[in-house]
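Under this note's numbering, the first residue of the sequence shown is numbered 12, with each subsequent residue one higher.
All C-beta atoms, glycine included, are put in the ideal place defined by N, C-alpha and C.
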Amino acid sequence: METEVYFRVAFLSIYVREVLHPDSRNMAGKMIGSILLAFEESLETLAWLDDEAVMWVKDKADAIKFFVAYPDGISNPEKVNEIYKGLKISETDYSENLLRVNDIGFFITSLSSKMSGFGEAYTALCPYETNAFYNIARNQIWIPAGNIQKYYNPEFPRWLSYGGLGFTIGHELIHAFGEKGKEPGLIPFPIENLNIKMLLKLKIWY
């Protein structure tokens with residue numbers, strides 16, 4: 012557990028360089044764009060949403076920040092090594108290693124500050140995590156590298172990729188407008204402007 016927590020960036024770097032297909036993040040980014048476009052176009056067909064509600068849904072969808080697979084620079088060993096600069100690890104003394112990585116000075120000055128350069132989501136998630144997440148409070152969707160690897164193979168036809176990873180992206184997207192997602196976040200849902208009929212149908216839609 013301690014290894015995963017303190018060396019998550021190092022694990023992600025190795026995972027990206029040696030396991031993840033190099034085209035996977037780019038493919039996922041294109042898929043996100045096409046799914047968002049189809050989602051927003053479908054809103055025009057929903058007669059039970061008025062123009063104001065449609066505009067709000069589009070605004071919130073456009074404001075969602077996606078964290079996909081890994082940040083730029085993660086495959087650069089020199090940049091990753093800089094995070095752990097000054098940390099000495101013994102191959103035999105577990106207790107001493109634990110004391111070293113738990114040293115508050117090291118943790119704050121080296122990990123907390125330097126890891127932030129890779130982005131909060133990337134350092135908060137285990138690289139081989141296979142579950143995606145919607146962060147309600149920040150209107151963010153996190154898609155770990157492990158989740159993409161689970162579904163993506165360059166030899167698969169596109170329809171199969173959309174049926175796997177595309178389903179995951181759509182699932183997390185809908186969380187932004189569900190029972191919980193419609194209330195908090197960066198763009199609050201204008202619930203007072205919706206009539207009861209629309210509100211009931213919105214809950215069914217979720």
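Beta-carbon proximity list for residue i, same chain, < 7 Å, skipping 5 on both sides
i    : result
E51  : K69 and A72
V27  : Y81, I85, S86 and A156
L47  : A72
Y10  : Since the first and last residues shown for the chain are 12 and 217, residue 10 lies out of range.
W165 : A small fix is needed here, since residue 165 is Pro in this sequence, not Trp. Cβ within range, chain order: H32 and D34.
K99  : R111
E107 : S101
H62  : Reading off the sequence, residue 62 comes out as Asp, not His. Counting only Cβ-Cβ distances below 7 Å, and skipping sequence neighbours, we find nothing.
Nonlocal neighbours in the same chain, by C-beta distance under 6 Å from residue i, ignoring five residues either side
i    : result
F22  : P138
E140 : P155 and G157
T179 : A143
A39  : V79 and I159
Y17  : V112
Residue of the options minimising C-alpha distance to residue i
i    : options                 : result
G84  : I75, I94 and K76        : I94
R19  : A74, G40, I75 and N92   : N92
K161 : Q151, V65, G174 and W59 : G174
G97  : R111, S53 and N146      : R111
M42  : A148, G189 and G181     : G181
Q151 : K99, A74, K90 and L109  : A74
Y145 : L54, E107 and K76       : K76
Residue burial classification, residue i (beta-carbon count within 10 angstroms, cutoff 16)
i    : result
R169 : exposed
L184 : buried
S24  : buried
A64  : buried
G116 : With a pLDDT of only 46 at G116, under the threshold of 50, the placement of this residue in the model should not be trusted; the figure read from the coordinates follows. Result: exposed.
A49  : exposed
A148 : exposed
Residues bridged to residue i [DSSP beta-bridge criterion]
i    : result
P155 : A80
Y145 : I152
Spatial neighbours of residue i in its chain, beta-carbon cut-off 8 Å, leaving aside the 5 residues before and after
i   : result
E15 : F22 and C137
K90 : G84
L54 : L60, V65, V68 and K69
Pairing CB atoms from the stretch 27-38 with CB atoms from the stretch 99-110, are three or more of them under 8 Å? Touching, no, given that fewer than three Cβ pairs across the two stretches are closer than 8 Å.
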